[in-house]
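S.K.:
2 protein chains.
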Amino acid sequence: MSARRLDGRALAERWRDDVAREAQAFAASAGREPRLAVVLATDDDAASTYAAAKMRTAQALGVQVDLVRIAGPKTASLVETVERLGADEGVDGILIETPVALGVDLRAAQDAIPAAKDVDGASTQSLGRLFSGQTGFVPATAAAVIALLDGYGVEIAGRRAVVVGRSLVVGRPLGQLLLARDATVTVCHSRTGDLGAVTREADVVCMAVGRPRFLTGSMVRPGAVVVDVGTNVVGGKLVGDADFDSVAAVASAVSPVPGGVGPLTTLLVLENVARAARQRCGQAGL
Amino acid sequence: MSARRLDGRALAERWRDDVAREAQAFAASAGREPRLAVVLATDDDAASTYAAAKMRTAQALGVQVDLVRIAGPKTASLVETVERLGADEGVDGILIETPVALGVDLRAAQDAIPAAKDVDGASTQSLGRLFSGQTGFVPATAAAVIALLDGYGVEIAGRRAVVVGRSLVVGRPLGQLLLARDATVTVCHSRTGDLGAVTREADVVCMAVGRPRFLTGSMVRPGAVVVDVGTNVVGGKLVGDADFDSVAAVASAVSPVPGGVGPLTTLLVLENVARAARQRCGQAGL
Chain A
0 MSARRLDGRA LAERWRDDVA REAQAFAASA GREPRLAVVL ATDDDAASTY
50 AAAKMRTAQA LGVQVDLVRI AGPKTASLVE TVERLGADEG VDGILIETPV
100 ALGVDLRAAQ DAIPAAKDVD GASTQSLGRL FSGQTGFVPA TAAAVIALLD
150 GYGVEIAGRR AVVVGRSLVV GRPLGQLLLA RDATVTVCHS RTGDLGAVTR
200 EADVVCMAVG RPRFLTGSMV RPGAVVVDVG TNVVGGKLVG DADFDSVAAV
250 ASAVSPVPGG VGPLTTLLVL ENVARAARQR CGQAGL
Chain B
0 MSARRLDGRA LAERWRDDVA REAQAFAASA GREPRLAVVL ATDDDAASTY
50 AAAKMRTAQA LGVQVDLVRI AGPKTASLVE TVERLGADEG VDGILIETPV
100 ALGVDLRAAQ DAIPAAKDVD GASTQSLGRL FSGQTGFVPA TAAAVIALLD
150 GYGVEIAGRR AVVVGRSLVV GRPLGQLLLA RDATVTVCHS RTGDLGAVTR
200 EADVVCMAVG RPRFLTGSMV RPGAVVVDVG TNVVGGKLVG DADFDSVAAV
250 ASAVSPVPGG VGPLTTLLVL ENVARAARQR CGQAGL
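Taken in order, these protein sequences are the chains called A and B.
Count the first sequence with numbering that gives the first Met the number 0 and you get residues 0 to 285, in order.
Count the second sequence with numbering that gives the first Met the number 0 and you get residues 0 to 285, in order.
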């Protein structure tokens, strides 16, 4: 195994001081920390775990995270909560943790997040801005993949990138980000026939499909770079969408799970909160 | 040459009665024809030609088209005009003909179109809806490609589709429409290295790059389907992005230029106007 390990944790360690400085700069002028409201509209354990992870990192960086739990969630109460947080001058960023409870209209709730506070780029408006190449907040997990590639100096422009998965949180926005960086981008999914034939064409393979150890070494071109966005729990252990060992035997670089994209995602969300705070207060003339 | 000719003009002839019926149904209940405002914010000849073509087709179908010319266009006056049309109860659809004059902020003007009247799917909101898989109006040229494929029974699901070009009017929205129809989609562009190697992988190649006769037979897999969205004027003649004869010798089907995607695009815009009219008046309780 000769593949380089795309260590997102190490990168996050290096970059966290920048985010902490941004948070401090805001706090110095505003007299309070930047503040993110994480809305939990589910009893789902995974959502709680993600939220708790964000809180731990945030605390160390000087970003305040409020957990807003919606009991017995209904779409109307969720939308009302988001609207209330949207109007709250003390809240800089809003993130709805997914999954949400069955039957809740996540789209309506996400669209209630004002663009200036949409730190995970979830609203239709934010997605439209991403799709049309305008500036704005983009889904943090997709942005984290780009940050990981950039952090390790992986060239994107002119390369062939294959994204496996077409979710609205990762696959589709990642495809747009790679396209904006001048990659030739292919998006694959469950209806793709011979997946290996497609991934073997790629200089960069991004796995975001939610199938444990789905990508094996035989599906990767020698020397390719593999970024694994999968977070599957198998036997109580977190495993990615790539079979790390067999892929690492062929690829030139692979991101591990955990410790790859995940730490960067959290950091990027918190950086967006600090930025949102500074931008909003800049507008308000503070 | 054995390739089937994907004749958009013939399809448009077959479908125009449906659109005319929709327009009539509205007229019967509202006492006026559905009405599209085409905004011309340029002296560009091409834009005027497109607008004139829409007017001719519209007249025959019972859709009223108003040409709204902005003299000495500035972004502010263009946005004001669009806002006025947006508030006008007698206007059902708004389309800003492109290109617009140099220095005009097309995005600001497009974003001033209310979603219910955005019959060419141009606003950030409409594009966000398309990108996130919500219902709504989509860019008509991209929709016309799908209509042409459907009209000739070309299977999309599970096939490899390659889109050459990443414009916001065709390439990117078409990529999303093909993805929503379960194709494995690759988007290529000027920075794609070996374009022929990519297009040869495709079951369906869509050309939307604006380079006359750019795709040749050697870049197409035998039996593939080629849809040509290019409209290039060469020596006073309209030619596509595909070299029709050499492509037709290899492909199983090719759309000609003119007479392929173009006639369907116009028809789809006018159908959207009739639909917009009926939907708005349904909401207003007429």
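Yeah, the Cβ is synthetic: ideal placement off N, Cα and C, and Gly gets one too.
In this text, all values refer to a predicted model and were calculated from it rather than measured experimentally.
Which one of B:Ala11, B:Ala2, B:Arg4 has the shortest CA to CA distance from Pro262 of chain B?
M.R.: B:Ala11
S.K.: For chain B, is any of its Cβ atoms less than 8 Å away from the one on Val186 of chain A?
M.R.: yes
S.K.: Here's the rule I'm using: 16 or more other beta-carbon atoms within 10 Å means buried, otherwise exposed. How should Glu32 of chain B be labelled?
M.R.: Label assigned to Glu32 of chain B: buried.
S.K.: Answer with buried or exposed for Asp42 of chain B, where buried requires no fewer than 16 other C-beta atoms within 10 angstroms of its C-beta.
M.R.: exposed
S.K.: Quick one: list the residues of chain B neighbouring Leu287 of chain A, beta-carbon separation under 8 Å, in chain order.
M.R.: This structure cannot settle anything about residue 287 of chain A, because the visible part of chain A is limited to 0 through 285.
S.K.: Thinking C-alpha only, which one of A:Ala196, A:Leu173, A:Asp227 is nearest Gly258 of chain A?
M.R.: A:Asp227
S.K.: The beta strand (DSSP E) spanning Glu96 of chain A covers which residue range?
M.R.: 92 to 96
S.K.: What's the gap between the Cα of Gln63 of chain B and the Cα of Arg83 of chain B?
M.R.: 18 Å
S.K.: Excluding the five sequence neighbours on either side, which residues of its own chain have a C-beta within less than 7 Å of the C-beta of Gly284 of chain A, listed in chain order?
M.R.: Only weak support is given to the placement of Gly284 of chain A: the predicted model assigns it a pLDDT of 46, under 50, and the question is left unresolved by the model.
S.K.: Show which residues of chain A have a CB atom less than 7 Å away from the CB atom of Ser131 of chain B.
M.R.: Thr123, Leu126, Leu167
S.K.: In chain order, what residues of the region 187 to 201 of chain A put their CB closer than 9 Å to some CB of chain B?
M.R.: Those would be Cys187, His188, Ser189, Arg190, Thr191, Gly192, Leu194, Ala196, Val197, Glu200, in chain order.
S.K.: At which residues does the alpha helix (DSSP H) containing Leu194 of chain B begin and terminate?
M.R.: 194 to 198
S.K.: Anything in chain B within Cβ reach of Thr183 of chain A, meaning under 8 Å, just list it in chain order.
M.R.: Thr185, Val186, Cys187, His188, Arg190, Thr191, Gly192, Val197
S.K.: Could you please tell me which residues of the region 148 to 163 of chain B, in chain order, have their CB closer than 9 Å to any CB of chain A?
M.R.: Ala156, Gly157, Arg158, Arg159, Val161
S.K.: Looking only at its own chain, which residues have a Cβ that is under 7 Å from the Cβ of Ala2 of chain A, when we skip the five neighbours before and after it?
M.R.: Non-local C-beta neighbours of Ala2 of chain A in its own chain, meaning closer than 7 Å and more than five positions away in sequence, comprise Ala247, Ala250, Ser251, Ala252, Val253, ordered along the chain.
S.K.: Residues of chain A with CB under 8 Å from Leu176 of chain B, in chain order?
M.R.: Neighbours of Leu176 of chain B on chain A: none; closest Cβ ~13 Å, over 8 Å.
S.K.: Checking contacts by CB at 8 Å: is Arg274 of chain A closer than that to chain B?
M.R.: No, Arg274 of chain A lies away from the interface with chain B (no Cβ there is under 8 Å from its Cβ).
S.K.: Mind listing which residues of the region 208 to 221 of chain A have their C-beta closer than 7 Å to chain B's C-betas, in chain order?
M.R.: For the region 208 to 221 of chain A, which is checked against every Cβ of chain B, not one residue is closer than 7 Å.
S.K.: Using DSSP with H/G/I as helix, E/B as strand and the rest coil, what is Lys73 of chain A?
M.R.: coil
S.K.: Relative to the C-alpha of Gly235 of chain A, which residue among A:Asp6, A:Asp44, A:Asp16 is closest?
M.R.: A:Asp44
S.K.: I'd like the span of the beta strand (DSSP E) that includes Arg68 of chain A, first residue to last.
M.R.: Here the beta strand (DSSP E) through Arg68 of chain A covers 63 to 68.
S.K.: Taking all protein chains shown into account, decide if Gln278 of chain A is buried (16 or more other Cβ within 10 angstroms of its Cβ) or exposed.
M.R.: Classification for Gln278 of chain A: exposed.
S.K.: Alpha carbon to alpha carbon, how far is Asp181 of chain B from Val162 of chain A?
M.R.: Taking the straight line joining both Cα atoms gives about 14 Å.
S.K.: Grab me the residues of Ala275 of chain A's own chain with a C-beta within less than 7 Å of its C-beta, minus the 5 sequence neighbours each way, in chain order.
M.R.: The residues are Asp91, Gly92, Ala115, Lys116, Val118.
S.K.: Using a Cβ-Cβ cut-off of 7 Å (strictly less than) and excluding sequence neighbours within five positions of Gln124 of chain A, which residues of its own chain qualify?
M.R.: Ala114
S.K.: Is Thr198 of chain A closer than 8 Å to Leu214 of chain A when the C-beta atoms are compared?
M.R.: yes
S.K.: Where Arg190 of chain B and Glu154 of chain A are concerned, what is the direct C-alpha to C-alpha distance, given to the nearest angstrom?
M.R.: 13 Å
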